[in-house]
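**Student:** Next up is a structure, given as structure tokens.
Numbering (my numbering), first residue to last: 362 to 763.
Written as structure tokens, this is what we have:
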């Protein structure tokens, strides 16, 4: 399916291009070029967030009454497409893409007034406290407890894989408030105003690339107000499922996939195949590239159906389908990039990856990020609900309909 862009939309594209060509600082552009994860380097990402906020473009998908752009779905798609063409760092999703939309949908008026302005402006960064050492894809088995004490909850337990918790000033989390019924029925969704409450400890986890992207968070009799609860007590599972529709499919992903494929194709034109030609001329490479390009085009079609208001976007299994297809295509793109770079991608150049280090990489910019990006992408089919779980959810939905 093609979306024909009107002259007015092409004028909008020109405006987007002019801004994206001029507004990012050199450090922001460098952070985008050195991206090896879904999560861009924190400092440059938040700097870029605030630049976009001043322009009024920080939250394209938010309702206009809460600070959104008021753009049509076609405008949002154009923005995402031009954004990725320039290898700019994506804004961090936890605040703008997850807890913000959740509060717009389910928060009290007091919670909206208190939290949404800071999220929109990039003054607050929220980390997500979901996974635990023994509760990942089976998230409903979580055991981090919150017990009532007057107007407060007392939290004990731990969370893990808590992205950028050491940079955050707020947290949204799931806690166990009851064990009497089914495990999903005793969970509550909480907002924490701080991440430095007495008894709260954050320990960064150093990754292979030397970056502490993930963290462990420990709670030892941490007292937080009950006013931070979203929804009813013991009904946090319902709230969390609502948030997942944003986590698993809140923005267009095909422009990023297409850009990764484009970078691999360009690099193959100067990479020897070992048989006297460039890799781009190798028939096996051409076959593999063609198959991947066709699958990305199919996924792009799926995304365009959803943004154009097609009924498929209202299907209960849509978030699971979207997450499964996108995550597996991300992995395939990183495999393709690594194959093109070959042995040049093997060395880990942690210092050269650091934004502002002024260290020349060995090889090209693509060689620098290929292996860290490949390794990091192995997690895409696990986080936000493993793809095995997503396929089970899809099959159950189909079974109910039939």
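Heads up, the beta-carbon is just placed ideally off N, CA and C, and yes, glycines get one too.
Run through the DSSP bridge pairs and tell me what residue 406 is partnered with.
**Tutor:** Residue numbering aside, residue 406 sits at position 45 when the chain shown is read from its first letter. Beta-bridge pairing links residue 406 to no other residue.
**Student:** Hey, how far is the Cα of residue 598 from the Cα of residue 490?
**Tutor:** Within the chain shown, the letter at position 237 stands for residue 598. Within the chain shown, the letter at position 129 stands for residue 490. A straight-line Cα-Cα distance of about 14 Å links residue 598 and residue 490.
**Student:** Quick check on this structure: which residue in 632, 604, 411 and 622 has the alpha carbon closest to the alpha carbon of residue 445?
**Tutor:** Taking the first residue of the chain shown as 1, we reach residue 445 at position 84. Out of 632, 604, 411 and 622, 622 has the C-alpha closest to the C-alpha of residue 445.
**Student:** Please state if the CB of residue 417 and the CB of residue 397 are separated by a distance shorter than 8 Å.
**Tutor:** Mapped onto the chain shown, residue 397 falls at position 36. Mapped onto the chain shown, residue 417 falls at position 56. No.
**Student:** Would you kindly report the start and end of the unbroken beta strand (DSSP E) that includes residue 519?
**Tutor:** Start at 1 with the first residue of the chain shown, and residue 519 comes out as number 158. Run containing residue 519: 513-521, per the beta strand (DSSP E) assignment.
**Student:** Which residues bound the beta strand (DSSP E) around residue 507?
**Tutor:** By one-based count along the chain shown, residue 507 stands at place 146. Start and end: 506-510.
**Student:** Rounded to whole angstroms, what is the Cα-Cα separation between residue 609 and residue 493?
**Tutor:** Mapped onto the chain shown, residue 609 falls at position 248. Mapped onto the chain shown, residue 493 falls at position 132. Because the pLDDT of residue 609 is 49, which lies under 50, any placement of that residue in the model is unreliable, and the question is left without a value.
**Student:** Grab the span of the alpha helix (DSSP H) containing residue 730 for me, first residue to last.
**Tutor:** Start at 1 with the first residue of the chain shown, and residue 730 comes out as number 369. Start and end: 726-738.
**Student:** Alpha carbon to alpha carbon, what distance is there between residue 392 and residue 402?
**Tutor:** For the purposes of this step, residue 402 is taken as residue 41 along the chain shown, with counting starting at 1. For the purposes of this step, residue 392 is taken as residue 31 along the chain shown, with counting starting at 1. Cα to Cα, the separation comes out at about 6 Å.
**Student:** Within the continuous alpha helix (DSSP H) that includes residue 488, where are the two ends?
**Tutor:** The residue labelled residue 488 in the question sits at position 127 within the chain shown. Unbroken run through residue 488 is the beta strand (DSSP E), 487-490; no alpha helix (DSSP H).
**Student:** For residue 610, does the three-state DSSP call read helix, strand or coil?
**Tutor:** Here residue 610 is taken as the residue at index 249 of the chain shown, counted from 1. With a pLDDT of only 49 at residue 610, under the threshold of 50, the placement of this residue in the model should not be trusted, and no figure is reported.
**Student:** Note down, one range per segment and in chain order, each alpha helix (DSSP H) of at least 4 residues found wholly within the segment 549-629.
**Tutor:** Complete alpha helix (DSSP H) runs here, min 4: 597-608 and 615-629.
**Student:** Determine the extent of the beta strand (DSSP E) in which residue 533 is found, giving its start and end residues.
**Tutor:** As a position in the chain shown, residue 533 is number 172, starting the count at 1. First-last of the beta strand (DSSP E) with residue 533: 531-537.
**Student:** Using the DSSP secondary-structure output, state which residues sit across from residue 633 in a beta bridge.
**Tutor:** The residue labelled residue 633 in the question sits at position 272 within the chain shown. Under the DSSP definition of a beta bridge, residue 633 partners with 639.
**Student:** Tell me the rounded alpha-carbon separation between residue 732 and residue 558.
**Tutor:** Counted from its first residue, the chain shown places residue 732 at position 371. Counted from its first residue, the chain shown places residue 558 at position 197. If you take the alpha carbons of residue 732 and residue 558, they lie about 38 Å apart.
**Student:** Straight-line CA distance for residue 763 to residue 747?
**Tutor:** Sequence index remark: in the chain shown, residue 763 carries index 402 (1-based). Sequence index remark: in the chain shown, residue 747 carries index 386 (1-based). Low confidence applies here, because residue 763 scores a pLDDT of 46, under 50, leaving its location unreliable; read the following figure in that light. Roughly 25 Å separates the two Cα atoms.
**Student:** Tell me the DSSP secondary structure of residue 749 in three-state form.
**Tutor:** By 1-based counting over the chain shown, the position of residue 749 is 388. Of the three classes helix, strand and coil, the one that applies to residue 749 here is helix, per DSSP.
**Student:** Measure the Cβ-Cβ separation of residue 560 and residue 583 and say whether it is below 8 Å.
**Tutor:** Mapped onto the chain shown, residue 560 falls at position 199. Mapped onto the chain shown, residue 583 falls at position 222. Their beta carbons are under 8 Å apart, which means residue 560 touches residue 583 by this criterion.
**Student:** Reducing DSSP to helix, strand and coil, say where residue 498 ends up.
**Tutor:** In the chain shown, counting from the first residue as 1, residue 498 sits at position 137. Coil.
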